[in-house]
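Asker: Here the sequence shown is numbered in the numbering used here, starting from 3 and rising by one per residue.
Beta carbons: idealized from backbone N, C-alpha and C, even for Gly.
Here it is: the structure, laid out below.
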Amino acid sequence: MSRPTTPKRGYHHGDLRAELIREGLALLAETGVAGFSVAKVAARAGVSSAAPYRHFPDRDSLLAACAAGIVSEIADLLVEAAERAGPDPVDRLAATAGAYTRYVVDHRTGLDLVYSYDFAEPHRPAIQEQSRRLTAALMNLASDVLPPNTSWAETADFVYVHLSTTHGYATLLVKGSRPPRGVEDHAARAVAAARDHITGHLLRLREGS
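This is how it looks when you write it as C-alpha cells:
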C-alpha cells in the first residue's frame, strides 16, 4: 500500500536529494523500472514536479543515483555482516550471502536496475564506484579464506561464483514460486550454501596440491 504523500517542508538541497533517492528506491520496490518517473518520486517526497530537477537533470540521473545507492547499501550490509560473524574467515565470507539475500527479500527492489538497465556513459561512474567498493570488500574477505599464493584472477573468479550464486538464489526467491518462508530462514540457507561452496573449493585446492 502506498504511503500518503503529505507535503514536506524545510528541505535543504542535500536533504531533498537524499529524500528523492529514498523515495525513488521505495517506488522501484513497488513498480520496478517500468513504473518509475520523476513526477511520481516528487509526489512521494511531497515536493513540486519541478523540484527534483534542481538535483537530477533527467529520469536516468535519478535512476543512476538510486542504483548507486542500492549498491552502496548492499556493500555496507555485507561488511557489517562479516564483522558480526566473528573472526573465522569462512564464517565472515559466508555471512555476506545471508546479508545479500536478506536485502533482496526485504526490499524486492532495484537489482534489475543495477544489473540490467543500460545507463548512458555520464550516469555510469557513480554506480561503478560503488560496485568497485562492493567487489573490493568481497575480494578482501575471499583473500582471507584462500591460500596466500592465490592469484588476483583466481580470487576474482571465486568471488564471482560466490556472488552470482547468492544473487541467483535471492532473485529467484523474489521472482519464482518457492514456498513462503521467513526472511531469516532464506538468509540461513544462503549462508549454508555459501559455506558449502567455500569449504568445497578449499577441499578441491588441497586435493589438487
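According to DSSP, is residue 137 helix, strand or coil?
Answerer: The three-state reading of DSSP puts residue 137 in helix, counting H, G and I together.
Asker: Using the Cβ count rule (16 or more neighbours within 10 Å means buried), how would you classify residue 88?
Answerer: exposed
Asker: Which of the three DSSP states, helix, strand or coil, is assigned to residue 191?
Answerer: Residue 191: helix per DSSP, three-state reduction.
Asker: Under three-state DSSP, which class holds residue 148?
Answerer: coil
Asker: What whole-angstrom Cβ distance do residue 125 and residue 39 have, given they're in contact under 8 Å?
Answerer: Contact flag wrong, Cβ pair sits at about 17 Å.
Asker: For residue 93, which of helix, strand or coil comes out of DSSP?
Answerer: helix
Asker: Compute the distance between the beta-carbons of residue 2 and residue 135, then report whether it is under 9 Å.
Answerer: Nothing about residue 2 can be read from this structure; the chain reaches only from 3 to 211.
Asker: Report buried or exposed for residue 168, applying the criterion of at least 16 other Cβ atoms within 10 angstroms of its Cβ.
Answerer: buried
Asker: Rounded to whole angstroms, what is the Cα-Cα separation between residue 71 and residue 23?
Answerer: The alpha-carbon atoms of residue 71 and residue 23 are separated by roughly 8 Å.
Asker: Which stretch, first to last residue, makes up the alpha helix (DSSP H) that contains residue 114?
Answerer: 113-118
Asker: Do residue 165 and residue 207 have their C-beta atoms closer together than 9 Å?
Answerer: Contact: no.
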